[in-house]
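Here the structure is laid out as structure tokens; the discussion comes afterwards.
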Amino acid sequence: MSKDYADLHDPNAEYTMRELSAETMGVAASRGSKRDVEITDIQTTMIDGNFPWTLVRVYTDAGITGTGEAYWGAGVPELIERMTPMIIGENPLDIDRLYEHLIQKMSGEGTIEGVTVTAIAGIEVALHDLAGKILQVPAYQLLGGKYRDAMRVYCDCHTEADADPEACAIEAERVVEELGYDALKFDLDVSSGLEKDRANRHLRPGEIRHKVDIVEAVSERVKDRADVAFDCHWTFSGGSAKRLADAIEKYDVWWLEDPVPPENLAVQESVTDSTVTPIAAGENRYRVTEQRRLIEDQAVDIVAPDLPKVGGMRETRKIADVANQYYIPVAMHNVSSPIATVAATHVGAAIPNALAVEYHSYELGWWEDLVEESVIEDGYITVPEAPGLGVTLDMDTVAAHMVEGETLFDEV
Ligand SMILES: O=C(O)[C@H](O)[C@@H](O)[C@H](O)[C@H](O)CO
């Protein structure tokens with residue numbers, strides 16, 4: 006990768022006095038040799054999974070590295086490269102200050118939301134892995150300790166005929182019986198063939214009936230063996246979303262996700278208010294500042310942040326803390342490799358209101374091979390007890406599935 010991004014002039018150095026580097030803040034006291042560690046480099050590599058997973062590695066002068074993951078998105082590796090000089094020489098144990106430092110430094114490039122936040126999140130996850138390894142504690146310990154030993158996983162399900170209610174029911178049965186999950190999600194924004202216009206967000210009566218057929222087929226097939234959520238990917242108008250939520254009330258679904266677009270909270274709130282079907286949303290909002298509005302307005306029954314997108318492990322914990330003030334559970338949206346999935350597991354272990362973490366790669370076949378450890382067993386991820394995230398990348402699998410042109414992390 007070219008080093009041009011890292012060498013770019015830093016305009017913020019001229020435009021803000023809020024500089025949170027150790028030097029400016031005067032953070033210089035020795036912490037004792039094991040904790041006097043400095044960041045020396047950050048590298049990324051991208052995996053061609055069912056999403057392009059951006060893995061991040063932070064290097065130190067102690068020979069210890071931390072591995073993280075940023076949510077997928079163009080430009081994320083370049084942004085990480087751009088930020089690397091901003092934290093070289095810093096002590097990786099100051100996770101919160103380094104996060105704030107990068108948010109402040111990059112604010113001109115956009116750190117309220119978007120790929121800059123995602124890139125910072127990738128570094129932040131790696132810092133938790135690193136800090137855990139330096140301190141010889143699992144990452145959940147850095148977040149306050151444990152509520153649970155294992156995190157429930159819900160499986161995002163697909164069939165070749167996602168619009169066919171019976172095909173969905175057969176797949177639901179297979180995922181429960183053969184793969185061992187008791188928590189599932191299916192898409193409801195699938196075409197019934199009855200649409201007159203795909204742009205106007207309106208659901209015609211036949212379209213609603215088709216969606217009810219899918220919900221009924223899946224829910225009746227698995228009955229009490231699994232909780233089932235349904236995802237709408239921000240597709241419908243408020244009015245149509247209300248009619249849909251109302252029509253599926255009797256099936257007692259786990260949640261209905263993203264029925265309306267994410268920008269207008271008043272619409273989101275009115276849908277949630279209108280129905281006893283639990284409404285979930287959150288994967289398109291960034292940082293605690295944006296999630297806070299969803300929660301405080303009680304625009305959701307369940308909040309669904311995506312950890313490597315929303316800002317990282319501490320940021321997700323902060324969101325869970327706000328949600329907890331409103332008695333709202335957290336279902337972690339997740340389309341990541343095992344690295345960020347396990348990061349979500351550590352956060353899930355450390356918060357009271359964790360509902361589940363998503364698994365979105367069951368059709369891939371090699372997701373779990375990316376790390377040396379086994380990750381999901383019988384629909385749960387046991388919270389690792391090894392230092393840091395407690396998972397180790399399998400470099401052969403990484404090499405086999407790297408995006409063309411990417412390079413492997415340097416060995417220490
Ligand atoms: O699992 C889910 O909730 C969704 O289906 C995701 O796949 C999103 O669509 C994706 O993250 C969009 O960028």
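Residue numbers for the sequence shown follow this note's numbering, beginning at 6 and rising by one.
Where is the CB? At the ideal position from N, CA and C, for every residue including glycine.
In this text, all values refer to a predicted model and were calculated from it rather than measured experimentally.
- Item | Unbroken beta strand (DSSP E) run spanning leucine 189, endpoints | 188-192
- Residue of Gly31, Glu95, Ala126 minimising C-alpha distance to tryptophan 77: Ala126
- Task: Give the single residue among Gly73, Leu84, Thr59, Asp46 whose Cα lies nearest to the Cα of alanine 67.
- Result: Asp46
- Could you tell me which residues DSSP pairs with valine 63 in its beta bridges? Ile47, Gly71
- Query: Any idea what DSSP makes of arginine 214, helix, strand or coil?
  - Reply: helix
- Query: Ordered along the chain, which non-local residues of its own chain (more than five positions away) have a Cβ less than 6 Å from that of phenylalanine 56?
  - Reply: Trp77, Val340
- What is the rounded straight-line gap between the Cα of valine 3 and the Cα of alanine 174? Nothing about residue 3 can be read from this structure; the chain reaches only from 6 to 417.
- Which value, in whole angstroms, describes the spacing of the CA atoms of phenylalanine 241 and threonine 277? Straight-line measurement puts the Cα of threonine 277 at about 14 Å from the Cα of phenylalanine 241.
- Item | arginine 157 - containing beta strand (DSSP E), residue span | 155-161
- Query: Taking the alpha helix (DSSP H) that isoleucine 344 falls in, what are its first and last residues?
  - Reply: Element bounds for isoleucine 344: 343-355.
- Report yes or no: do three or more beta-carbon pairs, one from the stretch 255-264 and one from the stretch 291-302, lie closer than 8 Å? no
- Pick from Val180, Ala246, Tyr385 that is closest to asparagine 205, judged by C-alpha positions: Ala246
- Item | Beta-carbon spacing of cysteine 162, valine 142 below 7 Å | no
- Message: Less than 6 Å separating the Cβ of valine 305 from some heavy atom of ligand 1?
- Response: no
- Item | Residue environment, glycine 370, which counts as buried when at least 16 other CB atoms sit within 10 Å | exposed
- Task: Measure the alpha-carbon distance for aspartate 53 versus leucine 413 and round it to whole angstroms.
- Result: 13 Å
- Task: Would you mind working out which of Lys323, Glu86, Glu254 sits nearest leucine 148, comparing C-alpha positions?
- Result: Comparing C-alpha distances from leucine 148 to each of Lys323, Glu86, Glu254 shows the shortest one belongs to Lys323.
- Item | Residues sharing a beta bridge with proline 57, DSSP | Asp53
- Going along the chain, which residues of its own chain have a beta-carbon closer than 8 Å to the beta-carbon of valine 81, five neighbours each way excluded? Thr49, Thr59, Ala75, Val120, Thr123, Ala124, Gly127
- Straight-line CA distance for proline 476 to aspartate 167? Any property of residue 476 remains undetermined from this structure, which presents the chain solely from 6 to 417.
- Item | Contact check, arginine 153 vs alanine 348, beta carbons under 7 Å | no
- Message: Can you tell me whether valine 63 is buried or exposed? The criterion is at least 16 other CB atoms within 10 Å of its CB, across all chains shown.
- Response: buried
- Message: Just verifying my parser: in three-state terms, what is the DSSP assignment at glycine 78?
- Response: It is coil, neither helix nor strand.
- Message: Can you tell me where the alpha helix (DSSP H) holding glutamate 182 begins and where it ends?
- Response: 170-182
- Measure the beta-carbon distance from alanine 155 to valine 388 and round it to whole angstroms, keeping in mind my assumption that it falls under 8 Å. 6 Å
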